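Counting along the sequence shown from 1, when you hit position 286 you're at 286 in UniProt numbering, and nothing is skipped either side.
Every residue, glycine too, gets a C-beta built ideally from N, C-alpha and C.
Predicted, not measured: the structure shown is a model, and the values here were computed from it.
Have a look at the structure below, then the notes.
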Amino acid sequence: MKDLFEKIYKDKGPLGKWASQAEGYFVFPKLEGQISNRMKFQGKEVITWSINDYLGLANHPEIRKVDGEAGVEYGSAYPMGARMMSGHTDLHELLQKELAEFVNKEAAYLLNFGYQGMVSTIDALVSKDDIIVYDVDAHACIIDGVRLHMGKRFTYKHNDVESLEKNLERATKMAEQTGGGILVISEGVFGMRGEQGKLKEIAALKKKYNFRFLVDDAHGFGTLGKTGAGAGEEQGVQDDIDVYFATFAKSMAGTGAFIAADQEIIDYLKYNLRSQMFAKSLQMQLVVGARKRLEMLKTMPELKDKLWENVNALQSGLKERGFDIGTTQSCVTPVYLKGSIPEAMALVKDLRENYGIFCSIVVYPVIPKGLILLRLIPTATHTLEDVRVTLDAFDGIRERLENGTYKRLSAGVVAAMGE
Ligand SMILES: Cc1ncc(COP(=O)(O)O)c(C=O)c1O
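Okay, structure coming up:
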């Protein structure tokens, strides 16, 4: 019989196999200093374009003050126990009420983490006779939620309404046999490439098909819509979203998440979300901090305005200089370049060390072979000077990519990887 660990000793997994070349630099890098537009990487100042602190709340003095005071008042343990047993408080309820009002739903429920919360939400919403239809590019937390489902599931092509409709037809036929219902899942904003989910078109299909609609709006909450209520508000279809989900991990610069829906649905989820029923309640410091963040999100529209000033300056600047930024419709700013993985590594090193720009890099298998995706996340803390320096840097790296500099620089890596 095999030792369970044998496969682990042999194969570190699709990402883990790059650890010796990538760890500490391309993956698990350590950014130092206060969270802001400029931080330190390996001792040098860099303009940071890789932190989802969209509204710049992470290090806002008022937030830091409230977080600190709540820490002193409650410590990090309070309340102890799961919500259902001993971890329930007035402030948890108040925050839920405020979140529900903000996203225009009857009720909301807090989740300790977006990831587990989404897994449990999907798990609680469907039973084995139900059918899930979801976007093939969905976030890992949606995929894991679907994995728990004992019944049928179909993917539709990314943001392709025709493909969704075909799958809805199949799902409808199947649901008629099983006696179940249909759950459609999309993201409000797809976090890698920045397109908004086609929520309006999906919602329109409700006239023809009977389904319920769950939207993960991690990147849309706080950044899109007139009031910042997200992609549903932006597209005018918030009422057609049956279960709205957002995390505090991005524009709210915190930890935790929530779902919002009709009161009856939330009442049901409250008693059936396993990740909440069997886990310690969201700690009070985070609840108090989230209330303050939500208040600032509501009362300081200038934060979102500044964010979008930076987004527009960056995205239009990149386009004017001939960069391919794909089809983004959000703050997420992808830049697509052509090159191999070793070239991408040399390019990112150059960008960080010589140009002082820190952004995330995505390569095959997440995107097609031969493409390099540099992903930039503008925030309200960036300045137009940061944008200008970054655009110039991108001109520089493109020239060096095209004149073969990175190919030469990466020759050693290629040899080491045996490519
Ligand atoms: C689309 C999406 N859904 C869910 C999550 C998970 O949220 P959390 O970080 O709160 O677990 C993320 C990442 O944070 C995300 O990008």
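Item	Value
So which residues put a beta carbon under 6 Å from any heavy atom of ligand 1, going in chain order?	F113, G114, Y115, M118, H139, C141, E187, G191, D216, A218, T247, A249, A257
Suppose you measure from the CA of N310 to the CA of A380; what does that come to, to the nearest Å?	7 Å
At what residues does the alpha helix (DSSP H) containing residue 474 begin and finish?	The structure shown does not extend to residue 474, since the chain is modelled only from 1 to 419, so the question has no answer here.
Grouping DSSP H, G and I as helix and E and B as strand, with all else coil, what is D216?	strand
Using the C-alpha atoms, what's the distance from Q116 back to S86?	20 Å
May I ask you to report which of helix, strand or coil DSSP gives M277?	helix
Among I143, A411, R375, K30, whose alpha-carbon lies nearest the alpha-carbon of P342?	A411
Would you tell me roughly how many angstroms separate the C-alpha atoms of Q315 and L307, rounded to the nearest one?	12 Å
A261 and A82 - do their beta-carbons sit closer together than 8 Å?	no
Kindly indicate which residue of A108, T328, Q196 has the alpha-carbon position closest to the one of V161.	Q196
Measuring alpha carbon to alpha carbon, tell me which of C141, N159, A140, V126 ends up nearest R153.	V126
What does DSSP give as the partner residue(s) for T178 in the beta ladder?	T178 is not bridged to any residue.
Can you give me the start and stop residues for the alpha helix (DSSP H) that V389 sits inside?	384-402
Given D386, which residues of its chain have a CB within under 7 Å of its CB, disregarding the five upstream and five downstream residues?	N37, I47
If you draw a straight line from the C-alpha of residue 443 to the C-alpha of I143, how long is it?	Outside the displayed range of the chain (1 to 419) lies residue 443, so it cannot be described from this structure.
How close, in whole Å, do the beta carbons of F211 and V243 come, if the pair is a contact with beta carbons under 8 Å?	Their Cβ separation, rounded to whole angstroms, is 12 Å, which puts F211 and V243 out of contact at 8 Å.
Candidates L148, M174, M296: which alpha carbon is nearest P61's?	M296
Going by beta carbon distance, what residues of the same chain come within less than 7 Å of V146, once the five residues before and after it are set aside?	I122, I132, Y134, R153
Distance, Cα to Cα, G225 vs R408?	46 Å
Report all residues from its chain with a CB closer than 7 Å to the CB of E165; omit the five preceding and five following residues, and keep chain order.	L205
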